[in-house]
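Residue numbers (the numbering used here), protein chains in the order written: chain A, 487 to 1060; chain B, 487 to 1060.
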């Protein structure tokens, strides 16, 4: 039983101001956390109990599902990361050792888990299998902000599963999803947590999902419709409104303009037309570092892609990247430079998707082009423009949804319904890693026919435990404190002792609760500064769900007051 | 319930060879651990359970004693370490961040805990207080060896206490000692774990103790006698044997010798006398970086100390350092250079503790000088020596026990009893940190008279959790596996299923055990490779204390076999 008179971690009398969010102020005021440096936080006893309890919920649900807990290292050798080509990622720390050696403090553990499991995966009978650990991770963030939501040091549960083929994954994935949803349910977040389709970065694909909890201070934007559509903004699509679509197509005109109409503002002013009537075209260069010679041959023909869309919209590079990956495999995408543009006979500000004979480029168009007639734009030469440009004039190879949706876009699923945009914070994710890690570490197995197979698919499953604590603090905060779920609150009961003369009896009541597996704080602080209300405030700050108030008057009459959260005060007879 | 048929972490058929120790081979064979790199180890599920259980024992005992658990950061800012002058310690990692920033992954957490507690220590009522955490630590070891016994990454429980004065510490310390001894008792190590007086390095003192478990592969040597004397070798003292002590003292003679008798071997050959009859003298220079001007004035007079001892013995620099600290306060000690020697009118190989008038040096003598008559040695000039040197001729200021004891030394406490030397491994320690950390972080409090006090004494208490696991593996290993203590073994019960037809019944038996809070492995592996004996061997390797053997024959008769460790096999009726 925690006796507060012996507990040095006092709450603060006033709410400290931090720029990011009010829940962080409450966590500081309640003595849950303290900043060691920007991006790294000390968990004081109250905060430590909360994060341990969140971890415990995760652990229990993972264990029930037969995933095996272990503990991988934080310090990892450079060789692991070189093997997978991830040594030089800027946001991962490098740690110099003696004699020129270098290590990494792990930001994620694919490079540990794959060689470990390689030792133990021998037969098809060993697959699928899933292991996990809960451990601190490190990212070399340029700017660490939002406190627990994004740190340089953070606690994460990361699980990794290995599969003989994609077929048996779907079933497995449904199980993981159930485990995750059960976790968010037990954390009382289920009503506002959604599964969004997400981009897993260059290493992942459409089998990647994020668990997002709606939160005003969230870093992500989730786009939904009432049909059940749920995507991270960077991947979301919708339908742009029709503009002058009923207008007749006029004849294409080439015209001399001026050199400096190289941005949207100048162009709309010059042409005296709205931005949506401009035919914006962006050129990307594809580079492919790891191609075979044969693949490289094919690639040489398609070095540049031109993407056109309405002038009032922007390209979602994440969607574009996925599109390119599906068409051309693993590619790096970069904006074309001035030299690139010159080499393909065009010039910035006057790019137009009209093909010159003999030029090896590909044109793609955003679906939004179909909502406008008679576009204005350049003619691939300085101060040369076009007018009344229409789809009929363009050499578009394929139309696709490249634009980042705007709040006035409508749903792809329910005609005319506006998309919903909500801020959210990522609390978990599932990424398909394909064979990106299993191949470099030579993971293989003998199949049922005793044939060696080296196609081992890998998935990873993350839950940001320390972020979850930050999300929960924000989600459950009230005017007075943080209303943690019953099993997450640092203690089950607080016993508030008003007069010292009742201390002995109060200890006895606390001990009885403890013998029934309840955790108890005894607020036995006496003195002017620690009056009844201070005790109540601190109990609220800590979100203790059950308060017992011991007063000599009621005790004399043989009862005490029990305040259970959200219930009316009860009288408990001794 | 762990079903081994679904568990990928198979044991190895043969014992892998590692140079250090056999218990590590067993840990590898049993799938407890795996090396990620030299000095950093993956804890696979079995090893993870063991280390978690050891941590849990520590946590329970610490909590019972009212120490408050928290979790400090691993990443720490450079400023913390600069404040205490520890930034440039070679064995601590420095981690470069963006824009020239540098962090440290913490090897210990004084630099975190002191500013934290500074926020919460305001009044004498807040003292004493003690906080702890169990977390991974990092050391930039040049060579990581001995596996779990000494890693670059290791798990440690570190506690820190703060005290208003030294007086109330003794009582507090006795409590900590009890907690520690209880922990080693629960880990079944008590019979071979001793408390040794130890050196806490430059920052600590005689209030420092190590908990050492006797172990043949231990890195330390512990010196004991039957009276209860128990010291780390580097601090131990004893009595050197008397040599020619009954010889008459002859007249001191100066003589011309040769230039090259500058080591013990050459000298004994030249003088044709045993090494113990040489009067070895070593000169140290004291430097004191942080003295006040007044203190510096006094120090200028005593820049060099000369320490003499028998030629067959060596100085324990740790003891010398403590002696110097007690005489002169905090000093750096270094061997005098050739230039130093010239400045004080002597020369290497011919140093003799005979004072020249006007020379400001101090002579100290080891007690062993009293066991020999008629020493040989130099005369503070090249190729000049002395013969029949006796205590009467020396200007020794004070005699003290500076020599590192040899195995033939006798006890200081029991006349004539030989000292015992035993190898041991440090499993815990208690260091007095004085005000080394509280001063730079300005920790202060208001005393009972409302006066500000800035003398806050600090102690730290470590338990190397991952080393403890290595020590226990070595300590409890048998021919077949590791006989962990009951509550440390990865599981309480193994249920061995011999025939698949009994699987359902076996699961039921396992579940019944689980509902009684027992943890259970069900060994349901079938097939040629996983016969009865493999199952028994694996159970031994994992040190599971209770084995249930399910065979169709006994089950038909309504019973099964229960093998409780160290007991006769029992028959349990269904």
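We put the beta carbon where it would ideally sit given N, CA and C, even for glycine.
Determine whether the beta carbon atoms of residue 907 of chain B and residue 709 of chain B lie at a separation below 8 angstroms. yes
Closest by CA to residue 950 of chain A, which one among A/818, A/594, A/1052? A/594
With 8 angstroms set as the bound, which would you pick, yes or no: does the beta-carbon of residue 508 of chain A sit closer than that to a beta-carbon of chain B? no
Could you please give the first and the last residue of the uninterrupted alpha helix (DSSP H) stretch that includes residue 1023 of chain A? 1018-1027
Can you tell me whether residue 805 of chain A is buried or exposed, with buried defined as 16 or more other CB within 10 angstroms of its CB? buried
Report the CB separation of residue 827 of chain B from residue 834 of chain B in whole angstroms; it is logged as a contact under 8 angstroms. 6 angstroms
Can you check the segment 565-608 of chain A for any beta strand (DSSP E) of at least 3 residues that lies completely inside it and give the ranges in chain order? 588-591
Am I right that residue 942 of chain A and residue 964 of chain A are in contact with their C-beta atoms under 8 angstroms? What's the rounded C-beta distance? Their Cβ separation, rounded to whole angstroms, is 49 angstroms, which puts residue 942 of chain A and residue 964 of chain A out of contact at 8 angstroms.
How would you write the range of the beta strand (DSSP E) that residue 1038 of chain A sits in, first residue to last? Here residue 1038 of chain A belongs to no beta strand (DSSP E); instead the alpha helix (DSSP H) covers 1038-1042.
Check whether residue 659 of chain B and residue 683 of chain B have beta carbons under 8 angstroms apart: no
So for residue 988 of chain A, helix, strand or coil by DSSP? helix
Beta-carbon contacts of residue 766 of chain A that lie in its chain and below 6 angstroms, excluding the five residues immediately before and after: 795, 797
Would residue 711 of chain B and residue 857 of chain B be called neighbours here (beta carbons separated by less than 8 angstroms)? no
Compute the Euclidean distance between the alpha carbons of residue 984 of chain B and residue 1012 of chain B, then round it to the nearest angstrom. 8 angstroms
Run the CB neighbour count on residue 510 of chain B, radius 10 Å, all protein chains shown included, and call it buried at 16 or more, exposed below. buried
Identify the continuous alpha helix (DSSP H) that holds residue 766 of chain A and give its terminal residues. From DSSP, residue 766 of chain A is part of no alpha helix (DSSP H) but of the beta strand (DSSP E) over 765-773.
Within this structure, are the beta carbons of residue 528 of chain B and residue 598 of chain A separated by less than 8 angstroms? yes
Within its chain, find whatever has a CB closer than 7 angstroms to the CB of residue 959 of chain B; leave out the 5 residues flanking it on each side and keep chain order. 509, 512, 513, 968
If distances are taken between C-alpha atoms only, which option among B/532, B/875, B/502 comes closest to residue 1006 of chain B? B/532
Does the beta carbon of residue 581 of chain A come closer than 8 angstroms to any beta carbon on chain B? yes
Residue 655 of chain B (DSSP reduced to helix, strand or coil): helix
Is the shortest distance between the beta-carbon of residue 650 of chain A and the beta-carbons of chain B less than 8 angstroms? no
Between residue 689 of chain B and the rest of its own chain, which residues show a CB-CB distance below 8 angstroms, the 5 nearest in sequence each way excluded? Low per-residue confidence applies at residue 689 of chain B: pLDDT is 43, beneath 50, and the placement is therefore not dependable enough to give any value.
Pull out every residue of the segment 533-561 of chain A whose Cβ sits closer than 7 angstroms to any Cβ of chain B, in chain order. 534, 552, 554, 555, 556, 557, 558, 559, 560, 561
Tell whether a beta-carbon distance below 8 angstroms holds between residue 974 of chain A and residue 536 of chain A. yes
CA-CA distance, residue 1027 of chain A and residue 1031 of chain B? 46 angstroms
Within its chain, find whatever has a CB closer than 6 angstroms to the CB of residue 619 of chain A; leave out the 5 residues flanking it on each side and keep chain order. 556, 557, 558
Using a C-beta cutoff of 8 angstroms, does residue 624 of chain A count as contacting chain B? yes
Under 9 angstroms Cβ-Cβ, which residues of chain A neighbour residue 634 of chain B? Simply none; closest approach about 13 angstroms.
Please check if any C-beta of chain A sits within less than 8 angstroms of the C-beta of residue 493 of chain B. yes
For residue 585 of chain A, which option in B/576, B/588, B/976 has the closest C-alpha, if you only look at C-alpha atoms? B/576
Endpoints, alpha helix (DSSP H) assigned at residue 533 of chain B: 531-550
What's the C-alpha gap between residue 848 of chain B and residue 842 of chain B? 11 angstroms
Round the Cβ separation of residue 889 of chain A and residue 838 of chain A to the nearest angstrom and send it over; I've been treating them as touching at under 8 angstroms. Actually they are not in contact, since the Cβ atoms of residue 889 of chain A and residue 838 of chain A sit about 19 angstroms apart, beyond 8 angstroms.
Which value, in whole angstroms, describes the spacing of the CA atoms of residue 1010 of chain A and residue 1034 of chain A? 12 angstroms
What does the alpha-carbon distance come out to for the pair residue 496 of chain B and residue 1003 of chain A? 37 angstroms
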